[in-house]
Amino acid sequence: MRLRICLGDKSLTTELERNYNHLLQSAIYTSLPGPVSSFFHDHGYPYEKRTFKMMTFSRLLGCCVREGNTLRFRGPIRLVVCSPSECFCNSLATSLLRLGVLRIGKAEMPVSTVAVEAIPADQDSVVVRTLSPVVAYSTLLRREGGKYTCYFAPGDPEFERIAAENAVKKLIAFRRVDQSNIASMRQLRISVMGSPKMAISYFKGTLIKAYDARLDIKGDPLLINVVLEAGLGSKNAQGFGCLEPTHKSA
Numbered sequence: 030m031r032l033r034i035c036l037g038d039k040s041l042t043t044e045l046e047r048n049y050n051h052l053l054q055s056a057i058y059t060s061l062p063g064p065v066s067s068f069f070h071d072h073g074y075p076y077e078k079r080t081f082k083m084m085t086f087s088r089l090l091g092c093c094v095r096e097g098n099t100l101r102f103r104g105p106i107r108l109v110v111c112s113p114s115e116c117f118c119n120s121l122a123t124s125l126l127r128l129g130v131l132r133i134g135k136a137e138m139p140v141s142t143v144a145v146e147a148i149p150a151d152q153d154s155v156v157v158r159t160l161s162p163v164v165a166y167s168t169l170l171r172r173e174g175g176k177y178t179c180y181f182a183p184g185d186p187e188f189e190r191i192a193a194e195n196a197v198k199k200l201i202a203f204r205r206v207d208q209s210n211i212a213s214m215r216q217l218r219i220s221v222m223g224s225p226k227m228a229i230s231y232f233k234g235t236l237i238k239a240y241d242a243r244l245d246i247k248g249d250p251l252l253i254n255v256v257l258e259a260g261l262g263s264k265n266a267q268g269f270g271c272l273e274p275t276h277k278s279a
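Under this note's numbering, the first residue of the sequence shown carries the number 30, and numbering increases by one thereafter.
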């Protein structure tokens, strides 16, 4: 499911720090009822030794001017939040409408409207644009010892491999799909359209290299549905990999 949230109106003016993802993530969790917030923040859906929170969100979309490390927003702001969990989406929508405000750090933004949309589950191909940049990475070992993180851009074969494998893990974690059924599925193929744009940000002090791009995604409808609802790539619950379908691919 997808929530389209409108904050404020044309008279709105507000400021946020440049790297606000952790503040927006906290605002979303805080807006949820206690038990729902606790489940998604503290637990999520297990897959082997890891868990998936199965939610993602966009940047704050609207008129914005950067001044140093501060972002100044004017006019209404749009926010997209996605999750395959109806409980998460319905709880968040109900809470936002009841509270009437979304508190992002020290900024209080009035909630104007919340629209809930179903995401089709029968698409075997789709062209998307990123509403928040997508992350694909591997943690590698240095010859001299220690580890480092290598990030991959859309168009790199490693990007496609990592993002496709990640989608399979999310599908198994959320829908409890049997491994034998996964083997018969058409795996995701991800082609970049145009040149991806790197977006460097920090999440609680950790540097993250992500990419904005238009992507052509083909594969099993269940796998396409899971990346549209839970995000493409890694770090989705930190505000990365939120996608907006533009049209069905050829």
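Glycine included, each C-beta is placed from N, C-alpha and C at the ideal position.
This one's a predicted model, so the numbers in the text were calculated from it and none came from an experiment.
Asked, Found
"Per-residue DSSP class, three states only, for Val-155", "strand"
"Three-state secondary structure assigned by DSSP to Phe-181", "coil"
"Pro-250 - containing alpha helix (DSSP H), residue span", "250 to 259"
"Proximity to Cys-118 [Cα-Cα], best of Ala-147, Ile-133, Ile-246 and Tyr-240", "Ala-147"
"Under the three-state DSSP convention, the category Arg-171 falls into", "coil"
"Cross-strand partners of Glu-46 (DSSP beta bridge)", "Thr-99"
"Cut-off 7 Å between Cβ atoms - residues of its own chain near Ser-112, not counting five sequence neighbours on either side", "Met-30, Met-83, Met-84, Cys-118, Glu-258 and Ala-259"
"Extent of the continuous alpha helix (DSSP H) run through Ile-211", "208 to 212"
"With 16 other Cβ atoms within 10 Å as the buried cut-off, status of Leu-89", "buried"
"Separation of Leu-128 from Gly-184, as counted between CA atoms", "42 Å"
"Nearest-angstrom beta carbon gap, Val-157 and Leu-244 [assumed within contact, 8 Å]", "5 Å"
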